[in-house]
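Written below as C-alpha coordinates is the structure these notes are about.
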Amino acid sequence: MFRLFASPPASPLHARLATSPLFATLSPRELRIVGTLIHERHYLAGEVIFDQGDEGQAIYTVLSGRVAICRQGDSGNPIATVAAGGLFGELALIDGGPRSAQARALDDCALGVMFRGDFTGLMTAHAAIAGKLSFQLARHYAGIIRRQAAATEAAP
(Lines of atoms letter the chains of each structure in order from A and count residues from 1; the text may use other names and numbers.)
(Lines give C-alpha, C1' and ligand atoms only; values in the text may rest on other atoms or scores of the structure.)
Protein backbone atom coordinates (compact mmCIF):
# COMPACT_ATOMS: atom_id res chain seq x y z
CA MET A 1 0.00 0.00 0.00
CA PHE A 2 1.33 3.43 -0.96
CA ARG A 3 1.28 6.06 1.80
CA LEU A 4 1.35 9.63 0.66
CA PHE A 5 3.02 10.99 3.80
CA ALA A 6 5.07 8.01 4.90
CA SER A 7 8.19 8.79 6.88
CA PRO A 8 11.44 7.73 5.28
CA PRO A 9 13.16 4.86 7.10
CA ALA A 10 15.74 5.84 9.69
CA SER A 11 19.28 5.81 8.38
CA PRO A 12 21.94 3.75 10.19
CA LEU A 13 23.37 7.04 11.51
CA HIS A 14 19.97 8.09 12.90
CA ALA A 15 19.56 4.71 14.57
CA ARG A 16 22.97 5.05 16.26
CA LEU A 17 22.29 8.65 17.30
CA ALA A 18 19.02 7.59 18.93
CA THR A 19 21.01 5.42 21.38
CA SER A 20 22.93 8.45 22.68
CA PRO A 21 21.47 10.13 25.77
CA LEU A 22 22.01 13.50 24.07
CA PHE A 23 19.55 12.63 21.29
CA ALA A 24 17.30 10.09 23.06
CA THR A 25 14.46 12.55 23.75
CA LEU A 26 14.13 13.63 20.11
CA SER A 27 11.22 12.44 18.00
CA PRO A 28 12.05 10.60 14.75
CA ARG A 29 11.33 13.81 12.81
CA GLU A 30 13.57 15.87 15.11
CA LEU A 31 16.27 13.24 14.86
CA ARG A 32 16.19 13.48 11.06
CA ILE A 33 16.63 17.27 11.31
CA VAL A 34 19.56 16.95 13.72
CA GLY A 35 20.98 14.11 11.63
CA THR A 36 21.51 16.52 8.76
CA LEU A 37 23.89 18.46 11.03
CA ILE A 38 25.91 15.46 12.19
CA HIS A 39 29.06 14.60 10.27
CA GLU A 40 30.31 11.05 10.64
CA ARG A 41 34.07 10.75 11.09
CA HIS A 42 36.23 7.64 11.45
CA TYR A 43 39.45 7.35 13.45
CA LEU A 44 41.97 4.54 13.78
CA ALA A 45 43.08 3.23 17.17
CA GLY A 46 45.70 5.60 18.59
CA GLU A 47 44.75 8.49 16.33
CA VAL A 48 44.41 11.92 17.98
CA ILE A 49 40.96 13.45 17.50
CA PHE A 50 41.95 16.80 18.99
CA ASP A 51 44.79 18.11 21.12
CA GLN A 52 44.72 19.95 24.41
CA GLY A 53 44.75 23.67 23.64
CA ASP A 54 43.04 23.33 20.23
CA GLU A 55 40.12 25.66 19.62
CA GLY A 56 36.87 23.89 20.55
CA GLN A 57 34.53 23.90 17.57
CA ALA A 58 32.50 20.68 17.89
CA ILE A 59 30.85 18.17 20.16
CA TYR A 60 31.43 14.46 19.52
CA THR A 61 29.15 11.47 20.03
CA VAL A 62 30.81 8.06 20.02
CA LEU A 63 28.92 5.88 17.55
CA SER A 64 31.26 2.89 17.90
CA GLY A 65 34.55 2.21 19.62
CA ARG A 66 36.06 4.05 22.59
CA VAL A 67 37.85 7.37 23.07
CA ALA A 68 40.31 8.32 25.82
CA ILE A 69 40.31 11.83 27.24
CA CYS A 70 43.74 12.58 28.69
CA ARG A 71 46.24 15.31 29.40
CA GLN A 72 48.50 16.12 26.45
CA GLY A 73 51.38 13.64 26.30
CA ASP A 74 50.01 11.52 29.16
CA SER A 75 49.52 8.02 27.82
CA GLY A 76 48.96 6.63 31.32
CA ASN A 77 45.64 6.85 33.09
CA PRO A 78 43.04 8.72 31.05
CA ILE A 79 40.84 11.33 32.70
CA ALA A 80 37.88 9.53 31.15
CA THR A 81 37.05 6.81 28.67
CA VAL A 82 34.03 7.43 26.46
CA ALA A 83 32.26 4.42 24.94
CA ALA A 84 29.55 4.11 22.30
CA GLY A 85 26.61 6.37 23.11
CA GLY A 86 28.76 8.75 25.14
CA LEU A 87 29.78 12.28 24.26
CA PHE A 88 32.77 14.52 24.72
CA GLY A 89 33.98 17.97 23.71
CA GLU A 90 30.66 19.45 24.76
CA LEU A 91 32.11 22.65 26.21
CA ALA A 92 32.74 23.75 22.61
CA LEU A 93 28.99 24.27 22.17
CA ILE A 94 28.95 26.70 25.06
CA ASP A 95 32.11 28.76 24.81
CA GLY A 96 34.25 27.58 21.90
CA GLY A 97 37.27 27.92 24.18
CA PRO A 98 40.45 25.88 23.96
CA ARG A 99 40.27 22.15 24.59
CA SER A 100 41.19 21.29 28.19
CA ALA A 101 42.44 17.81 27.27
CA GLN A 102 43.40 15.60 24.36
CA ALA A 103 40.96 13.10 22.82
CA ARG A 104 42.48 9.94 21.32
CA ALA A 105 40.81 6.89 19.77
CA LEU A 106 41.39 3.79 21.89
CA ASP A 107 39.85 1.56 19.22
CA ASP A 108 38.96 2.08 15.59
CA CYS A 109 35.90 4.26 16.08
CA ALA A 110 33.13 6.17 14.38
CA LEU A 111 32.12 9.54 15.76
CA GLY A 112 29.19 11.82 15.09
CA VAL A 113 30.39 15.43 15.03
CA MET A 114 28.21 18.53 15.41
CA PHE A 115 29.96 21.83 14.85
CA ARG A 116 29.25 24.83 17.03
CA GLY A 117 27.95 26.90 14.09
CA ASP A 118 25.45 24.16 13.22
CA PHE A 119 24.23 24.05 16.82
CA THR A 120 23.86 27.84 16.85
CA GLY A 121 21.85 27.64 13.62
CA LEU A 122 19.70 24.90 15.15
CA MET A 123 18.92 27.20 18.08
CA THR A 124 17.59 29.80 15.65
CA ALA A 125 15.74 27.53 13.22
CA HIS A 126 14.50 24.82 15.61
CA ALA A 127 14.39 26.24 19.13
CA ALA A 128 12.40 23.29 20.54
CA ILE A 129 15.03 20.79 19.36
CA ALA A 130 17.88 22.96 20.62
CA GLY A 131 16.06 23.24 23.95
CA LYS A 132 15.86 19.46 24.27
CA LEU A 133 19.54 19.09 23.44
CA SER A 134 20.48 21.86 25.87
CA PHE A 135 18.51 20.15 28.64
CA GLN A 136 20.26 16.84 27.92
CA LEU A 137 23.63 18.61 28.03
CA ALA A 138 22.69 20.12 31.40
CA ARG A 139 21.79 16.62 32.67
CA HIS A 140 25.14 15.37 31.36
CA TYR A 141 26.99 18.12 33.29
CA ALA A 142 24.97 17.40 36.43
CA GLY A 143 26.10 13.76 36.23
CA ILE A 144 29.73 14.83 35.91
CA ILE A 145 29.45 17.15 38.91
CA ARG A 146 27.73 14.47 41.02
CA ARG A 147 30.43 11.89 40.15
CA GLN A 148 33.19 14.36 41.00
CA ALA A 149 31.54 15.25 44.30
CA ALA A 150 31.18 11.56 45.19
CA ALA A 151 34.83 10.91 44.28
CA THR A 152 35.95 13.85 46.41
CA GLU A 153 33.95 12.55 49.40
CA ALA A 154 35.40 9.06 48.96
CA ALA A 155 39.02 10.27 48.72
CA PRO A 156 41.06 9.99 51.95
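The numbering used here puts the last residue of the sequence shown at 363; the count rises by one with no breaks.
For every residue, glycine included, the Cβ atom is placed at its ideal position computed from N, Cα and C.
Compute the distance between the beta-carbons of Ala252 and Leu238, then report whether it is under 8 Å.
no
Are Leu344 and Leu244 close, meaning C-beta to C-beta below 8 Å?
no
Measure the beta-carbon distance from Leu294 to Ser218 and round it to whole angstroms, keeping in mind my assumption that it falls under 8 Å.
That belief does not hold up - the Cβ atoms of Leu294 and Ser218 are roughly 19 Å apart, past 8 Å.
Output the distance between the C-alpha atoms of Phe212 and Ile276, rounded to the nearest integer angstrom.
Any reading at Phe212 must be qualified, since the residue scores a pLDDT of 45, below 50, and its modelled position is unreliable; the value itself is stated next. Phe212 and Ile276: Cα-Cα distance of roughly 44 Å.
Can you tell me the Cα-Cα spacing of Ile240 and Gly304, whole angstroms?
27 Å
Pro235 versus Ala335 - alpha carbon distance:
14 Å
Would DSSP call Ala357 helix, strand or coil?
helix
Using 8 Å for Cβ pairs, my map puts Asp325 next to Arg273. What's the rounded Cβ distance?
With a Cβ gap of about 25 Å, Asp325 and Arg273 do not count as contacting.
DSSP state of Pro305, grouped into three classes?
strand
For Phe295, the three-state DSSP class (helix, strand or coil):
strand
Would Lys339 and Thr268 be called neighbours here (beta carbons separated by less than 8 Å)?
no
Of all the options Ala287, Ala290, Met321 and Gln279, which has the alpha carbon lying nearest to the alpha carbon of Ala299?
Met321
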